[in-house]
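Numbering (our numbering), first residue to last: 467 to 919. Glycine is no exception: its CB is placed at the ideal position from the N, C-alpha and C atoms. All figures in this text were calculated on a predicted structure; none of them were measured in a lab. Written below as structure tokens is the structure these notes are about.
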Ligand code: UD1
Ligand code: MG
């Protein structure tokens, strides 16, 4: 059989009881993306002929997640969880319609890299009928053991519960990822029985059945970290940690400086340019990109934001979805920005809320400026023209427009549009009473003396 685009089968029918959750296990997230999403993205990077996903009954939200990431995938519902071989056979129509290789992935194993899947496919090209992704387990308890012959070929996979004491001493384990190049996988899997400790149809039995038919199985090894299977929230946190370490390393190798990498958290889709400096304690939610040379100071939180080249953000800044910062923009401490575009060189350096705004280049937003964008029912926009200066402690009551190069005096509550080049002031006139302070102090001192004396 010639190498051709494979059929990928993803097993996601497990309830994940040990997650102790109302949510199906595979929807729990690593780096802001469901574990299933990670595996679907891995599958998308493979030149698959078809993608089949096996889910359990009543998993509409899992089906929705599949539709979101892989609209072309075919979804099969396994009514009862009778084992991994039964799960793959649930996709029988897809198996029978496909003449080439089949790759099985688990939706709860989110850290596998595409190069590893490629290595597995190379094993098929090298003549194996079944290629199993194995790893050396620090603690092999619970895993299927890979029983190999002296020539390195695989004899069988023995599930932990069925293994003898001697077999249990084997530390080379099954990750769950398998690739097949056999004449008919469904015919092969139909021969698997359930006479075992769990009374389940084990996909792993395909190895011994194949060997009896003269089909060679081989093992491809990968680091244990990559095949971490998530069954509990403890393992979910482990997967997150491993993913973050990988992302930090990649960001640094790609040319970003992370002063304290272990305190920076990325999302699955974070994009970081070259010569970006990220200070400690920064969290990147989904959908953030940082262009070359930008500086992110300590303690920032970003989500759905684009940060332009050479911008300076933080410390303690919060960028929410729809934020688009042009190049050389400066955002300082305790500034929150939502759904707003800031042009080149615009500044909001202290204590401001900027929501639903279009802010031109070189605009200065003074300390404590608030965009009053919400009237309790609707959101409204604020537009500020190029070069305008908004004095400190200004409230801009939207919808409102400030013309280019205009000034707004500090403390103003601006409810009407301000023309270009104008000064807008909205505050009561200041009054001075000369000598008042001294008189006040002596009057109060007399009162105090009368009281205590
Ligand atoms: C499986 C392997 C074991 C391997 C381990 C790695 C088998 C028989 N055993 O064991 O060799 O070391 O994974 O983690 O394959 N699933 C279904 N339907 C079912 C049963 C399972 O969709 O009827 C899915 C689960 O959702 C999960 C995957 O298949 O994504 C593995 O099932 P699980 O029950 O976790 O298998 P293990 O006992 O861990
Ligand atoms: Mg498992």
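Secondary structure of residue i, DSSP reduced to three states
i	result
residue 899	coil
residue 508	helix
residue 494	coil
residue 477	strand
residue 779	strand
residue 467	The predicted position of residue 467 is uncertain, since its pLDDT is 45 and thus under 50; no value can be drawn from it.
residue 581	helix
residue 676	helix
residue 816	strand
residue 891	coil
residue 848	strand
residue 626	helix
residue 824	strand
residue 906	helix
residue 789	strand
residue 870	coil
residue 611	strand
residue 597	strand
Residues near residue i by beta carbon distance below 7 Å, same chain, minus five either side
i	result
residue 468	Caution is warranted here: a pLDDT of 48 is assigned to residue 468, below 50, making its placement in the model unreliable, and the coordinate value is therefore given only provisionally. Closer than 7 Å at the Cβ level, and outside the excluded window around residue 468, lies no residue.
residue 668	549, 550, 551, 625, 658, 662
Straight-line gap, residue i to residue j (C-alpha atoms, nearest Å)
i	j	result
residue 491	residue 699	10 Å
residue 684	residue 652	20 Å
residue 487	residue 803	34 Å
residue 663	residue 511	37 Å
residue 507	residue 535	7 Å
residue 638	residue 603	6 Å
residue 708	residue 473	28 Å
residue 625	residue 528	28 Å
residue 671	residue 619	15 Å
residue 578	residue 496	13 Å
residue 910	residue 916	10 Å
residue 901	residue 892	28 Å
residue 694	residue 793	40 Å
residue 919	residue 748	59 Å
residue 781	residue 912	49 Å
residue 594	residue 628	26 Å
residue 809	residue 826	5 Å
residue 904	residue 914	15 Å
residue 776	residue 833	22 Å
residue 621	residue 675	10 Å
residue 871	residue 862	16 Å
residue 673	residue 542	24 Å
residue 570	residue 656	16 Å
residue 556	residue 612	25 Å
residue 721	residue 751	21 Å
residue 895	residue 878	12 Å
residue 767	residue 788	14 Å
According to DSSP, residues forming a beta bridge with residue i
i	result
residue 604	Partner(s): none; residue 604 has no beta bridge.
residue 794	Note: residue 794 sits in no beta bridge, so no partner.
residue 863	838
residue 761	743, 778
residue 802	784, 819
residue 767	749, 784
residue 772	755, 790
residue 855	830, 873
residue 621	Bridge partners of residue 621: none, in fact.
residue 561	Looking at the DSSP assignment, residue 561 forms no beta bridge with any residue, so it has no partner.
residue 571	476
residue 808	791, 825
Cβ shell of residue i (< 6 Å), same chain only, five flanking positions each side left out
i	result
residue 561	651, 652
residue 744	724, 730, 762
residue 477	520, 553, 572
residue 846	839, 864, 865
residue 517	474, 509, 536, 539
residue 697	484
residue 606	637, 639
residue 525	490
C-beta neighbour in chain C for residue i, strict 8 Å
i	result
residue 912	As a matter of chain content, chain C is missing from the structure shown, which is built from one protein chain.
Residues near residue i by beta carbon distance below 8 Å, same chain, minus five either side
i	result
residue 869	851, 854, 883, 884, 885, 886, 887, 888
residue 714	724, 727, 728, 730, 732
Which runs of the beta strand (DSSP E), 3 residues or longer, sit entirely within the stretch 716-757?
-> 748-750
Can you give, in chain order, each stretch of the beta strand (DSSP E) that sits fully within the stretch 630-714 and has at least 3 residues?
-> 638-646, 683-687
Unbroken beta strand (DSSP E) runs of length 3 or more, entirely within the stretch 516-555: which are they?
-> 516-521, 540-543
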